[in-house]
Amino acid sequence: MLFFRSLHPVTLLALAIMVKGAPQPVRSPPDVIMKSEVKIQELWHLASSGTLYRNLPVSYDHLQSSWNSFLSTKGGNLVETFYSDQKRVHLYSKRKQGRTRFLNLTSQRDAKTYQFKPEDYPIKREMAVLLIEAFAQERANALAAGASSSLQAANVGASTSRRTLDLFVNREAPAARTHSIANLPVINREDWGKGLNLGWNTGASGS
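Under mature numbering (1 follows the signal peptide of the UniProt record, and there is no 0), residues -21 to -1, 1 to 186 are what the sequence shown spells out, in order.
Below you can see the structure in the form of structure tokens.
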């Protein structure tokens, strides 16, 4: 306490600003990002570093269509929900914390790449990475649903093929057996029945 009392008021104010403006530690990517493809992981790290794209670079073209759809259908609601939490923006206005810019980006009113200083605006960084995380989760869900549908279709196809095969075998079995008998060597066909005892000679053998 004596140390702080001895400091000049201007120095105390500078210290307070430094503490208040100190950047929050960057959190690690969540599981949904770690399990995503490399390009989505890269988008997360770019957002965490202060760059959020509406129009993705060429190397991300395969994600552009689903990214556009996600931002247009779900992005705006995520932004509004995020900024409705007053605890996140109690120090500054929502406008200064990026709400309007994020909404314009999701609705494509402003499709320019959004670049900001994450160390100065940790709330913007959190909003940006949350958009990437929600996109990654939606993509993972879609891929899982597609895999499930493919597996179900494969199972149905296999079951149908098996039933078709069973019907074919059952229908062709008599003809197949006749064909097999007809092709047996003659000597074998002539020998048939010699070893059979149908009860005709039972009495004779018993006498």
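We put the CB at the ideal spot given by N, CA and C, even for glycine.
Check: Can you tell me whether DSSP reads Y100 as helix, strand or coil?; Outcome: coil
Check: Hey, how far is the Cα of G54 from the Cα of D89?; Outcome: 14 Å
Check: Enumerate, from N- to C-terminal direction, the unbroken beta strand (DSSP E) stretches of 3 or more residues contained entirely within the stretch 15 to 74.; Outcome: none
Check: Considering S86, what are the terminal residues of the alpha helix (DSSP H) in which it resides?; Outcome: 78 to 86
Check: Looking only at C-alpha atoms, which of L84, V37, S44 sits nearest to residue 217?; Outcome: For residue 217 there is no data in the structure shown, the boundaries of the chain being -21 and 186.
Check: Do you know offhand how far K66's Cα is from S7's?; Outcome: 22 Å
Check: Would you call the CB atoms of P9 and E98 closer than 8 Å?; Outcome: no
Check: Based on the DSSP secondary-structure assignment, which residues constitute the bridge partners of Q94?; Outcome: T30
Check: Between W23 and V108, is the Cβ-Cβ spacing less than 8 Å?; Outcome: yes
Check: Pick out whichever of E21, Y39, E117, N56 has its Cα sitting closest to the Cα of M106.; Outcome: N56
Check: Leaving out the 5 sequence neighbours to the left and right, which residues in its chain are closer than 8 Å to I12 when beta-carbon positions are compared?; Outcome: I19, Q20, W23, I111, E112, A115
Check: Between N76 and G29, is the Cβ-Cβ spacing less than 8 Å?; Outcome: Note on residue identity: the sequence assigns Gln, not Asn, to residue 76. Contact: no.
Check: May I ask whether a heavy atom of the ligand SAH can be found less than 7 Å away from the beta carbon of S51?; Outcome: With respect to the ligand SAH, the structure shown offers nothing to examine, as it has no ligands at all.
Check: Would you kindly check if the distance between the Cβ of R33 and the Cβ of V58 is under 8 Å?; Outcome: no
Check: Going along the chain, which residues of its own chain have a beta-carbon closer than 8 Å to the beta-carbon of S51, five neighbours each way excluded?; Outcome: T85, S86, Q87
Check: Excluding the 5 residues flanking residue 190 on each side, which residues of the same chain have their C-beta closer than 8 Å to its C-beta?; Outcome: A query on residue 190 cannot be resolved here, the shown segment of the chain reaching from -21 to 186 and no further.
Check: Here's a check: name, in chain order, each residue in its chain whose Cβ is nearer than 6 Å to the Cβ of F61, leaving out the five neighbours to either side.; Outcome: M106
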